[in-house]
Structures are given as C-alpha cells and as structure tokens.
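S.K.: The C-terminal residue of the sequence shown carries number 772 in the working numbering, and the numbering is unbroken.
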Amino acid sequence: MSVEQAVAEVVTLASELIAIDTTNVGDPTTLGRERAAAEYVAAKLSEVGYETTYVESGARGRGNVVARLPGADPTRGALLVHGHLDVVPADPAEWSVHPFSGEVRDGYVWGRGAVDMKDMVAMTLAVARSFRRDGVVPPRDLIFAFLADEEAGGFYGARWLVDNRPELFEGATEAISEVGGFSVTLADDVRAYLVQTAEKGGLWLRLLARGTAGHGAMLHEDNAVAKLAAAITRLERHRFPLVLTDPVRELLTGVAELTGVPFDPDDPEAAVARLGNLSRMVGATLRDTANVTMFEAGYKANVVPSVARATVDGRMLPGREKDFEAELAEILGPEIVREWDSLPSVQTTFDGALVEAMAAAVTAEDPGAHLLPYMLSAGTDAKSFQRLGVRHFGFSPLKLPPELDFTALFHGVDERVPVDALEFGTRVLDRFLRAC
337 MSVEQAVAEV VTLASELIAI DTTNVGDPTT LGRERAAAEY VAAKLSEVGY
387 ETTYVESGAR GRGNVVARLP GADPTRGALL VHGHLDVVPA DPAEWSVHPF
437 SGEVRDGYVW GRGAVDMKDM VAMTLAVARS FRRDGVVPPR DLIFAFLADE
487 EAGGFYGARW LVDNRPELFE GATEAISEVG GFSVTLADDV RAYLVQTAEK
537 GGLWLRLLAR GTAGHGAMLH EDNAVAKLAA AITRLERHRF PLVLTDPVRE
587 LLTGVAELTG VPFDPDDPEA AVARLGNLSR MVGATLRDTA NVTMFEAGYK
637 ANVVPSVARA TVDGRMLPGR EKDFEAELAE ILGPEIVREW DSLPSVQTTF
687 DGALVEAMAA AVTAEDPGAH LLPYMLSAGT DAKSFQRLGV RHFGFSPLKL
737 PPELDFTALF HGVDERVPVD ALEFGTRVLD RFLRAC
C-alpha cells in the first residue's frame with residue numbers, strides 16, 4: 337500500500353480531532369480536557385497494531401499517548417515526533433464556524449487547533465498508521481508522542497513526562513514538531529520552507545502592587561491600581577536592545593539571496609519589514625518582548641482597592657535571560673512585586689543528515705523549493721525535551737497559498753488549515769520518516 341491511504345484519511349483525522357474540545361485554560365486546578373483526544377489517538381494507533389502507553393501527567397485528565405515503531409538500526413538514536421493535543425480557548429461568538437466543529441468548507445478544515453497543532457497531530461497519526469499497516473521499517477526507531485498542556489508551558493505534559501517517565505523517550509536524540517516546515521512565498525514561484533532551529537525563552541510574570549484601601553470619593557496618594565498601571569505603561573513603552581542572532585541572520589541572508597534584495601546586517605529591521613505578514617513573528621525575534629495580557633483590580637466603583645495584579649508574557653532571546661530579568665526589575669521598580677515561571681530558550685544549528693532529509697522530502701513534492709532556518713518568537717515542548725539532550729527542529733510541513741496570513745491564525749479567530757496543505761504535508765512527512 338502507498339502513502340495515498342494516509343493522504344485519504346488525514347482530513348478526517350484532523351476534523352475529528354478538532355471536534356474534541358481540548359481547551360487549556362492554564363489553570364492547573366481545573367480538570368484537564370486532553371484525555372478524550374488522547375484516547376482517540378490511542379484507539380487509532382491500537383487499531384493498526386501499535387502498543388500504546390497512556391499516561392496522565394501529574395493531574396487528572398491530562399492525557400498523553402506514546403508509541404514506538406522499531407527501526408532497522410536500533411543502535412541509531414531514535415527520532416521523536418511529537419505534537420500537543422491541547423488548544424487555547426475560543427469564543428464561538430467571534431467565529432464564522434463553531435471553533436470545535438472541525439468543519440470542512442471552502443477547501444479548509446476549520447476550528448481551534450487547525451494549525452496549532454492538530455494538523456500535525458493528524459498528519460503524524462495518518463503516517464504512523466500507514467507505516468504499521470504496510471509493515472514499513474524506518475531507518476531508526478520512531479517515537480510518536482501526543483501530549484497535554486503545551487499551551488500552558490507543558491508543566492502538566494512534556495515537562496512532567498520528562499521528569500517522571502523519561503524511559504518513554506529512551507534513546508531519542510533528535511525530534512521534530514511545531515512550528516516550522518510551512519511555506520512562505522517570497523516572489524513569483526519562489527517558495528521557502530521555514531524550519532525552526534531556535535525559539536525564545538519564556539517568562540510569565542505575575543505582578544502585584546499594594547496600596548491603601550479607601551473610599552473612591554476621597555483623595556488618595558497610595559493607589560495600587562495607579563502604581564501598577566504606571567509600571568505597566570513604562571514596560572509597554574520600553575524597547576529592549578536589538579540582537580541579531582545566528583538563526584535570524586541566516587534567515588534574512590537566505591531571503592536576500594532568493595529575492596535579490598540585499599540584506600544589511602546593520603539594519604535588520606528594514607529586511608524584516610519586507611517580509612510582509614511574516615514580519616510580526618520574525619520582528620519579535622530581533623529583541624526581547626514583554627506584553628501585558630491580564631490586569632485585575634478592584635471590586636466596586638467607589639472603593640479604591642489595596643491590591644492590583646497583572647500578568648505579563650515575557651519572551652527573551654537565547655543568552656538574554658539574566659539581562660532580561662534585570663531590565664524588567666529596573667523598568668517596573670521596587671514597589672512592584674514580581675513572581676514568575678520561566679522556560680529556557682532552545683537553539684540548534686541548521687545542518688546534518690536530518691536537515692538533508694527534510695530538504696529532500698520537501699523538494700520531492702515541491703521542486704525548486706528552498707529550506708531556511710528561523711527562530712520562533714513563542715515556545716514549544718522542545719523546551720522540555722532538551723532536558724533529555726534531544727536536538728529539536730520545528731518541521732510540520734505545509735504548502736500554503738501566498739495570500740493566507742498563516743501566522744495570524746495561531747491563537748486567532750477562524751483558525752483553519754488548507755485541505756491540500758494537509759495532504760501535501762502528509763506526503764512530505766511520509767517521505768521524510770522513511771529516510772530519517
């Protein structure tokens with residue numbers, strides 16, 4: 337049998353996965369919603385003969401599934417292929433379709449998780465099933481992992497599994513997952529597929545300001561809300577220093593070579609501005625960022641509260657962790673109490689046999705395509721797996737229409753993935769895993 341059976345079922349798998357509501361609200365005290373999706377994946381794998389391991393990672397309902405396909409050379413390091421089952425919340429009132437419908441319409445599969453990242457989960461599942469049905473023996477062991485809690489840092493998913501069940505990933509030396517392998521059209525018939533070789537670190541800050549409570553009709557010189565608002569305003573106006581890292585330099589140099597528009601290393605922002613919709617994400621990898629995402633204070637219109645709280649999503653470049661924390665402390669000031677959870681940056685080089693296999697698989701399906709490395713401004717479960725010494729790449733292949741603002745779909749309204757991109761990605765993934 338051929339890859340066409342995997343291609344034939346990938347859209348159905350993606351649609352059915354999206355229809356399982358796996359919303360992760362980021363509150364560890366709530367019941368995890370990944371279990372139903374994990375059981376769905378386990379059933380699909382068991383159906384074709386895999387032995388699966390189901391694990392709830394540190395909290396009820398945080399379902400994970402891991403399966404291994406033995407390779408021809410057991411002495412080689414295994415390749416870990418992983419994807420997360422959870423998704424961020426979605427308000428149905430804002431969407432053209434219900435976010436958990438998995439509707440197939442106008443050439444797209446619609447719904448929360450369509451690109452982040454039940455598309456890759458479906459492609460992985462389709463290829464894994466095809467390999468088992470056809471008796472394919474890959475060059476090396478393949479470990480398929482479908483994980484919980486990535487959208488809240490993986491503390492109740494990949495991080496917990498790495499710390500508590502590392503034997504599930506025994507022998508893994510390299511890994512692929514989100515966010516990379518998608519195409520960008522740089523000019524007529526000039527397509528580059530961006531492979532993630534690095535990602536920024538994360539620092540989720542919880543800020544607190546204290547003041548004196550009192551009646552809203554009186555004079556107040558110790559207002560917690562005003563203190564925190566002023567600190568947040570200073571942070572919003574601050575520009576962290578520009579740093580041209582190796583992955584960003586390689587990306588911009590590669591784009592310049594493909595387009596013929598020179599890249600000036602002394603002015604990387606000009607080169608990023610020419611990237612169109614992609615500039616939002618790539619621009620965020622030129623410097624650290626800190627964005628306020630939540631603000632909470634008060635309980636009545638005529639009461640000045642004694643406490644105000646805010647949450648900040650901070651992302652720092654590799655090697656900038658200590659400097660980033662020091663700048664935050666200076667900007668926010670001594671009156672603002674700071675607590676945080678942090679996750680490290682990830683970085684590897686764009687070379688080696690695995691990169692060559694990616695290029696061969698992509699160009700076999702899209703002749704003339706080019707692969708370029710880039711840095712992700714967000715984070716993935718690679719942060720957890722690097723604790724096991726695993727080298728990581730973002731490679732979830734999709735050939736996208738030039739007009740699609742792909743990066744805006746992540747955590748956005750009307751998230752969707754093209755049907756033909758799913759089918760293309762399944763063929764590429766099949767080729768890649770046969771040669772990895």
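Heads up, the beta-carbon is just placed ideally off N, CA and C, and yes, glycines get one too.
Would you please state the rounded distance, in angstroms, between the beta carbons of G516 and F729? I believe it to be under 8 Å.
M.R.: Indeed, because the Cβ distance is near 7 Å, the residues count as touching under 8 Å.
S.K.: Suppose the cutoff is 6 Å on Cβ atoms and the five residues either side in sequence are ignored; what does the same chain contact list for I672 look like?
M.R.: Counting only Cβ-Cβ distances below 6 Å, and skipping sequence neighbours, we find L543, A545 and A567.
S.K.: Which term fits L367, buried or exposed, when burial requires 16 or more other beta carbons within 10 angstroms of its beta carbon?
M.R.: It is exposed - the Cβ of L367 has fewer than 16 other Cβ atoms within 10 Å.
S.K.: Taking just the CA atoms, how far does L564 sit from R674?
M.R.: If you take the alpha carbons of R674 and L564, they lie about 11 Å apart.
S.K.: Report the partner residues of N613 according to the DSSP bridge assignment.
M.R.: Its beta-bridge partners do not exist; DSSP assigns none.
S.K.: Can E401 and S720 be called in contact, C-beta distance under 8 Å?
M.R.: Looking at the sequence shown, residue 401 is not Glu but Val. Going by C-beta atoms, V401 is not nearer than 8 Å to S720.
S.K.: Whole-angstrom Cβ separation of Y376 and V755, contact assumed at under 8 Å?
M.R.: That belief does not hold up - the Cβ atoms of Y376 and V755 are roughly 20 Å apart, past 8 Å.
S.K.: Identify whether D485 lies in helix, strand or coil by the three-state DSSP scheme.
M.R.: DSSP places D485 in coil when its eight states are reduced to three.
S.K.: Rounded to whole angstroms, how far is the Cβ of A484 from the Cβ of R570, which I believe are closer than 8 Å?
M.R.: With a Cβ gap of about 37 Å, A484 and R570 do not count as contacting.
S.K.: Hey, how far is the Cα of A718 from the Cα of L416?
M.R.: Taking the straight line joining both Cα atoms gives about 11 Å.
S.K.: Around the C-beta of G538, are 16 or more other C-beta atoms found within 10 angstroms, so that it is buried, or is it exposed?
M.R.: Buried is the call here.
S.K.: Pair every Cβ in the segment 647-656 with every Cβ in the segment 623-630, then say whether three or more of these pairs are closer than 8 Å.
M.R.: Short answer: they touch.
S.K.: Using a Cβ-Cβ cutoff of less than 8 Å, which residues in the same chain neighbour V691 once the five nearest sequence positions on both sides are dropped?
M.R.: Only V531, L707 and F729 meet the Cβ criterion.
S.K.: Could you name the residues of the same chain whose beta carbon sits closer than 7 Å to that of P641, not counting the 5 residues immediately before and after it, in chain order?
M.R.: Correct list, in chain order: A549, A560, V561, A633, G634 and Y635.
S.K.: In terms of residue numbering, what span does the alpha helix (DSSP H) encompassing F436 cover?
M.R.: Run containing F436: none; DSSP gives neither H nor E here.
S.K.: Which of the three DSSP states is assigned to R468 in this structure?
M.R.: In this structure, R468 counts as helix in the three-state DSSP scheme.
S.K.: Excluding sequence positions up to five away, which residues of its chain have a Cβ less than 6 Å from the Cβ of M617?
M.R.: Result list for M617: S713 and T743, in chain order.
S.K.: Taking C-beta to C-beta, are P284 and L622 nearer than 8 Å?
M.R.: Since the first and last residues shown for the chain are 337 and 772, residue 284 lies out of range.
S.K.: So, does the segment 424-440 touch the segment 747-767, judging by three or more C-beta pairs under 8 Å?
M.R.: Short answer: they touch.
S.K.: Per DSSP, M456 forms a beta bridge with which residues?
M.R.: According to DSSP, M456 bridges with nothing at all.
S.K.: Please classify N613 as buried or exposed, where buried requires at least 16 other C-beta atoms within 10 Å of its C-beta.
M.R.: That one is exposed.
S.K.: How should D452 be labelled, buried or exposed, when 16 other C-beta atoms within 10 angstroms of its C-beta is the threshold for buried?
M.R.: D452 should be labelled buried.
S.K.: Based on the DSSP output, what are the partners of F773 in its beta bridges?
M.R.: The requested residue 773 is not part of the displayed model; the chain covers only 337 to 772.
S.K.: If you check the beta carbons only, do L724 and P502 fall under 8 Å apart?
M.R.: In this structure, P502 lies closer than 8 Å to L724 by Cβ.
S.K.: In the DSSP assignment, the alpha helix (DSSP H) including S678 goes from what residue to what residue?
M.R.: No alpha helix (DSSP H) holds S678; the beta strand (DSSP E) holding it covers V673 to L679.
S.K.: What's the gap between the Cα of C772 and the Cα of A508?
M.R.: Approximately 13 Å, taken between the alpha carbons.
S.K.: Whose C-beta lies closer than 8 Å to the C-beta of L580 among residues of the same chain, with five residues either side of it excluded?
M.R.: The residues are P601, P604 and L622.
S.K.: Got a sec? Which residues, its chain only, sit under 7 Å from D558 by beta carbon, not counting five neighbours each side?
M.R.: Same-chain partners within the cutoff: G547 and T548.
S.K.: State yes or no: is the C-beta of V339 within less than 8 Å of the C-beta of S466?
M.R.: Yes, the Cβ-Cβ distance between V339 and S466 is below 8 Å.
S.K.: Using the beta-carbon count (16 or more within 10 Å), is L455 buried or exposed?
M.R.: The question names Leu, but residue 455 in the sequence shown is Asp. So D455 counts as buried.
S.K.: Confirm, please, whether the CB-CB distance from G449 to V433 is below 8 Å.
M.R.: No, the Cβ-Cβ distance between V433 and G449 is not below 8 Å.
S.K.: Given this structure, state the Cα-to-Cα distance separating H551 from A637, to the nearest angstrom.
M.R.: Whole-angstrom Cα-Cα distance: 10 Å.
S.K.: Quick one: Cα of G761 to Cα of L578, how far?
M.R.: G761 and L578: Cα-Cα distance of roughly 35 Å.
S.K.: Should G489 be labelled buried (16 or more other beta-carbon atoms within 10 Å of its own) or exposed?
M.R.: Buried, since its Cβ has 16 or more Cβ neighbours within 10 Å.
S.K.: Please list the terminal residues of the continuous beta strand (DSSP E) segment that includes Q722.
M.R.: Here Q722 belongs to no beta strand (DSSP E), and DSSP marks it neither H nor E.
S.K.: Are the Cβ atoms of L769 and V346 separated by less than 8 Å?
M.R.: No, the pair does not count as a contact, with Cβ atoms beyond the cut-off.
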